[in-house]
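Only one structure is covered here, and it is reproduced in the block below.
Protein chains: 2
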Amino acid sequence: MSKKPTISDVAHEAGVSKGLVSFVVNGRPGVSAATRERVLAAAAELGWRPNPNARSLTTRSAYALGLVVLRDPEIIGSDPFFPAFISGVESVLSDRGRVMLLSVVPDEERELDTYRKLAAESRVDGVFVTDLRHRDPRIALLAELALPAVTLGHADVPSDFPVIDRDYGKGIAAVVSRLRELGHTRIAHVAGDERMLHGTHRRDQFTEAVRASGGTPIVVSGDFSPDSGAQATHALLGMAEKPTAIVFANDPMAMAGMAVAQELGLRLPDDLSITGMDGSEMSRYLFPPLATVGNDPAEWGRAAALSLLALIETGASDDVTLPDAEFIPRGSIAPPPQAAQPSSERPTAQPSSR
Amino acid sequence: MSKKPTISDVAHEAGVSKGLVSFVVNGRPGVSAATRERVLAAAAELGWRPNPNARSLTTRSAYALGLVVLRDPEIIGSDPFFPAFISGVESVLSDRGRVMLLSVVPDEERELDTYRKLAAESRVDGVFVTDLRHRDPRIALLAELALPAVTLGHADVPSDFPVIDRDYGKGIAAVVSRLRELGHTRIAHVAGDERMLHGTHRRDQFTEAVRASGGTPIVVSGDFSPDSGAQATHALLGMAEKPTAIVFANDPMAMAGMAVAQELGLRLPDDLSITGMDGSEMSRYLFPPLATVGNDPAEWGRAAALSLLALIETGASDDVTLPDAEFIPRGSIAPPPQAAQPSSERPTAQPSSR
DNA sequence: TTGAAAGCGCTACCAA
DNA sequence: TTGGTAGCGCTTTCAA
């Protein structure tokens, strides 16, 4: 059980100086092939890997990327985006000698403090900015901290950071369009957390799509949590002119909405069409299977990691546009019920159980 | 836009030596109150924070904890455990100047390499070992690497690491007991991934509970994914003597199982009782609401973090036993159908839609 | 109670 | 193409 080997051990073993070993492991030119081999062999034999902490001291690089997630600890479990996003990031990082540092914070104050700490302590070389909010304070903070970053989506404040984005509106338009084709006229949207840009974007894209098709959008607010989805659904189904289709801003809300509808005795999709967003794994396994709009969080992760690494290594990185979001039609949508009863107090169908 | 301040800047500002500043920030005794104040004031004014990389070099501590998750990238999104577990860990770490390093790997080879890398590079001071497997190779590897760790659950190989655990069998026994009370005699279990200890434990606890109550357990295998839950349910409901209740090893499988049952025209819970495990947020919002067994991943996270920190800082840490798992009864269970038709080819109920 | 200096493991520079 | 040496920012002796 020996101590961890250092660069000196390797240098000694290979019979060269530390400087040369450093040159070799960093792939610098100007080292003869022979000594290069010798050094590599010595390093391998000793099982030596350069200590990133020591390297950081001179290179001013942390060899780590940061992700700070602001999320209510209570509901973070029902969000399928992050785990998949992270595995996408990892698939890029694993071969590049960088690690990922993750922080989950409960409120904005802690969030901003976390970025300050990461920067002040030189813990990371750059960060991913997810869940952009209106006039997001992180953009200015990160600029001030001179911390490289990429944003998922376009910020609504001036930002020099590269942005990863995808046209999600295309998918939403496809949903609305399909619903209109099926004959729906009263189409509602349960919005996500509107403090987040993608919450309002999805809402706007929905209303725009409905208006473009000559309809009148109905919108109620939610916050992406199943609970809010359930409440919103109750509100919608309690309306005098209740909608015949509900477009939820994410899958968990849609699932909760499906449950509420079923509890009220509605048959899905005959009495009510429902769609989700984000294309979660679970959506496929519901009854009826939930129509949704694909999003591929792992792809976001890969693209964001690549872009952030490029920014860090070369000082610049282009924006990247992922393929347009695609509507994934499934059994949760159907034509609206024929016998619409605009002012009925009771559900249009008999309870399917109880 | 000045450079980051260093300990020298602070020492200069306070008119003392670097050594003293170090003593102050590390709370060492033997510093007069006066200079102590002066140093703290200088540090605050300059916005200085000690650079963990530099500290690591001398203290041999990384000020970071590691979590390596082996999970199929495709299905990681439907697992509600990790995000909540991580937020529990974070709630402990955030005040303690340590960060969390997360790695998601697709296979065992990468997993073990990741631990080796983390250790060789001194990236972390300790790691969390989750999802213990049979004869888990990580135990021996971590011991060999001399990397402190805590395990979630007891390993089935000799291990000196502290263990965090909870009696989950109590909750499972309560489920079975309640089901028996309701009159169920054919109770099935859809097991989780049996390469994982908790997959087999839950299966064993189920079969034991059923046997203890004089019944004959039915078990089919799954792997914790919704897809496997759906397949297993199809298999069970295709049996000649189909079960009247299905106990799933986690909530996502149970959700998928509910969908399959409904698709087959069964009314829940009248025609079939279903229960899940892990007490996910979503379970509450299904129709019918899914009875499950609580697990509180955030609590696991807090306990594991506390235990690991204690181990790292003091060299020893006690095992911790979390409160027994509790059955959470909900609408997805009911007495078995009266008119049992042991050899019926058709479902006992009319389809609720289609 | 304080200051000075050595050294952690590495990179980077300057000579050779 | 190589070796020697001076730091990077911090902690930790050892003296004073």
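Read top to bottom, the protein sequences are chains A and B.
If you count the first sequence from 1, position 125 lands on 125 in this note's numbering, and the numbers rise without skipping.
For this note's numbering, count along the second sequence from 1 and bump the result up by 1000.
We treat Cβ as the ideally placed atom computed from N, Cα and C, and that holds for glycine.
All values derive from a computational prediction rather than experimental measurement.
| Query | Result |
| --- | --- |
| Taking S91 of chain A as part of the alpha helix (DSSP H), name the residues at either end of that continuous run. | F81 to L93 |
| Rounded to whole angstroms, what's the CA-CA distance from R1071 of chain B to E1108 of chain B? Just pull it up for me. | 9 Å |
| When burial is assigned at 16 or more other CB atoms within 10 Å of the CB, is P1162 of chain B buried or exposed? | buried |
| Find the nearest neighbour of G97 of chain A within the set A:D79, A:S61 and A:V68, judged by alpha-carbon distance. | A:S61 |
| Note down, in chain order, each residue of its chain lying with its Cβ closer than 7 Å to the Cβ of S8 of chain A, except the 5 sequence neighbours on either side. | K18 |
| Looking at the structure shown, is H1154 of chain B part of a helix, part of a strand, or coil, going by DSSP? | coil |
| To which residues does DSSP link L101 of chain A through a beta bridge? | A:G66 and B:L1101 |
| What does the alpha-carbon distance come out to for the pair R302 of chain A and R166 of chain A? | 14 Å |
| Using only the alpha-carbon positions, how far apart do V1039 of chain B and H1201 of chain B sit? | 55 Å |
| Per DSSP, which residues does R166 of chain A bridge with? Please list them. | A:L322 |
| Between the alpha carbons of F206 of chain A and D324 of chain A, how many angstroms are there, rounded? | 16 Å |
| Are the C-beta of M277 of chain A and some C-beta of chain B separated by less than 9 Å? | no |
| Could you spell out the range, first to last residue, of the alpha helix (DSSP H) harbouring I1007 of chain B? | I1007 to A1014 |
| Start and end of the alpha helix (DSSP H) containing H184 of chain A? | It is not in any alpha helix (DSSP H) - H184 of chain A carries neither H nor E in the DSSP assignment. |
| I need the straight-line Cα distance from G331 of chain A to A261 of chain A, nearest angstrom please. | 15 Å |
| Within its chain, find whatever has a CB closer than 6 Å to the CB of Y168 of chain A; leave out the 5 residues flanking it on each side and keep chain order. | A325 |
| In the DSSP assignment, the alpha helix (DSSP H) including V1024 of chain B goes from what residue to what residue? | K1018 to V1025 |
| Report all residues from its chain with a CB closer than 8 Å to the CB of R1055 of chain B; omit the five preceding and five following residues, and keep chain order. | S1061 and Y1063 |
| Any idea what DSSP makes of V1247 of chain B, helix, strand or coil? | strand |
| Taking Cβ positions, are V293 of chain A and I328 of chain A nearer each other than 9 Å? | yes |
| With which residues is D278 of chain A paired in a DSSP beta bridge? | A:G294 |
| Excluding the 5 residues preceding and the 5 following F85 of chain A in the sequence, name in chain order all residues of the same chain whose CB lies nearer than 6 Å to its CB. | P297, W300 and G301 |
| If you follow the alpha helix (DSSP H) that G371 of chain A is part of, which residue opens it and which one closes it? | This structure does not reach residue 371 of chain A, given that chain A is present from 1 up to 354, and the question cannot be answered. |
| Output the boundary residues of the beta strand (DSSP E) element that contains V220 of chain A. | I218 to V220 |
| Using DSSP bridges, identify the partner residues of A149 of chain A. | A:V127 |
| From the DSSP output, in three-state form, read off H189 of chain A for me. | strand |
| With a CB to CB cut of under 8 Å and the five nearest residues on each side skipped, what residues in its chain are close to I187 of chain A? | V176, L179, R180, V210, G215, P217, I218, P243, T244, A245, I246 and V247 |
| Cα separation between L20 of chain A and A11 of chain A? | 8 Å |
| My guess is that P1336 of chain B and H1154 of chain B are in contact by the Cβ rule of under 8 Å, so how many angstroms apart are they, rounded? | Contact doesn't hold; Cβ gap of about 36 Å is too wide. |
| Is any beta-carbon of chain A found at less than 9 Å from that of F1023 of chain B? | no |
| Cutting at 8 Å between CB atoms, please list the residues of its own chain near G15 of chain A, excluding the five before and the five after it. | R38 |
| For D1095 of chain B, tell me which candidate among A:L102, A:T114 and A:L65 has the shortest Cα-Cα distance. | A:T114 |
| Rounded to a whole number of angstroms, what is the C-alpha to C-alpha distance between L1182 of chain B and M1255 of chain B? | 22 Å |
| What three-state label does DSSP hand S1122 of chain B in the structure shown? | coil |
| Which residues, in chain order, does the stretch 72 to 85 of chain A contribute to contact with chain B at a C-beta distance below 8 Å? | P73, E74, I75, I76, G77, S78, D79, P80, F81, F82, P83 and A84 |
| May I ask which residues mark the beginning and end of the alpha helix (DSSP H) holding E1037 of chain B? | A1033 to L1046 |
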